[in-house]
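To convert, count from 1 in the sequence shown and add 231; that's the numbering used here.
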Amino acid sequence: MRVALIALLLFAGCLPPPVYRVQRDVRAAHAIAPLWSGSPMQGPVEVSTGASNLVDARAPRIGDDPTVASEVPSMQLRGELRFRFARYGQIAVIHDHAIASTYRALDPTQAPVDHDTAQSLGFAIRGAIPVDDVPGLSIGLGFELLQWWLPYVEYRSCVANCDGVPLQEMTSGTDTLAEPAFQVTPSYRSGALTLFAGVYATPHARVERKGTEYSATDYDSEIVRSQFNFIAHAGAEVTFGYISVLAQLQQDLVSDPVSYGPSLGLALSVHAPESM
């Protein structure tokens with residue numbers, strides 16, 4: 232009996248694995264720059280909330296690589312809780328949340344993702360370095376690390392060695408992706424008005440639309456980071472007492488994996504008085 236069982240296991244181990252053709256898709260985050268002017272904080276604690284992407288001048292398109300798939304939201308929110316240290320530095324806790332109802336597929340024939348939305352939790356360390364020779368001028372430097380939760384879907388069709396396995400399957404879920412980011416934003420503050428412009432560098436979630444898998448249990452999402460996208464942004468911030476309103480235009484300079492047009496971001500910030 233034991234010999235027969237061993238022989239059966241050896242025979243099963245020699246069988247070729249099933250071959251699947253797969254279609255994948257992911258709900259990615261919109262490429263955006265942080266809603267920060269690059270200037271020093273005006274209070275010891277600050278809360279900022281707004282739409283990091285409020286509207287696109289044109290709909291996002293498939294980028295340089297036509298083999299990728301993605302759904303991208305047209306509206307994405309960001310909130311930050313900032314704490315000042317050493318006069319010109321800050322630490323921020325960050326949350327991003329894409330609006331699920333605004334997702335659009337880059338190609339209408341790609342596999343649909345119909346659950347959840349992209350969202351993140353992370354932190355930033357920033358500094359606004361004053362330029363001594365020019366009052367009001369500072370150079371904003373920042374580093375972020377965000378953990379993203381990204382919904383995905385995978386449709387699998389068995390095309391070879393299919394004995395005993397399903398011919399058609401659909402798997403879906405949410406996978407995580409850590410994304411570092413860097414920012415350089417010079418700014419000029421005169422009274423209540425701050426003008427700024429800069430560059431923000433961060434990867435973009437990326438997944439191959441089609442592929443081949445050789446296992447009945449290979450259910451990985453296959454979500455990876457792209458190369459760094461460089462997002463140019465410029466705008467203005469106006470302060471009224473303890474409240475600031477910021478507006479910025481942004482443009483992703485890289486078309487991997489998504490080609491973006493110009494977009495608009497808006498934020499409202501409230502800072503605590505200096506006496507706290």
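For glycine and all other residues, C-beta sits at the position ideal for the given N, C-alpha and C.
- Close CB contacts of L480 within its chain, under the 7 Å cut and outside five residues either way in sequence, are with H464, A465, G466, P493 and L495 (chain order).
- Pairwise C-beta distances place the region 279-289 out of contact with the region 392-412, as fewer than three of them are shorter than 8 Å.
- In the DSSP assignment, Q341 falls outside any beta strand (DSSP E), carrying neither H nor E.
- If only uninterrupted beta strand (DSSP E) runs of at least 3 residues are considered, none is enclosed by the region 384-419.
- Of C389, A423 and G358, the smallest CA-CA separation from V250 is found for C389.
- In the structure shown, T298 falls within a coil segment according to DSSP collapsed to helix, strand and coil.
- Distance from the CA atom of P504 to the CA atom of V438, rounded to whole angstroms, is 46 Å.
- Note on V384: 16 or more other CB atoms within 10 angstroms of its CB, so buried under the neighbour-count rule.
- For S452, the CB contacts under 6 Å within the same chain, skipping 5 residues up- and downstream, are Y383 and D406 in chain order.
- Spatial neighbours of S457 in its own chain (CB-CB distance under 6 Å, excluding positions within 5 residues in sequence) are listed in chain order as P434, H435, R437, D487 and P488.
- Assignment of beta-bridge partners to I263 by DSSP yields no partner.
- Contact between A262 and E302 is ruled out by a C-beta separation of about 14 Å, above the 8 Å threshold.
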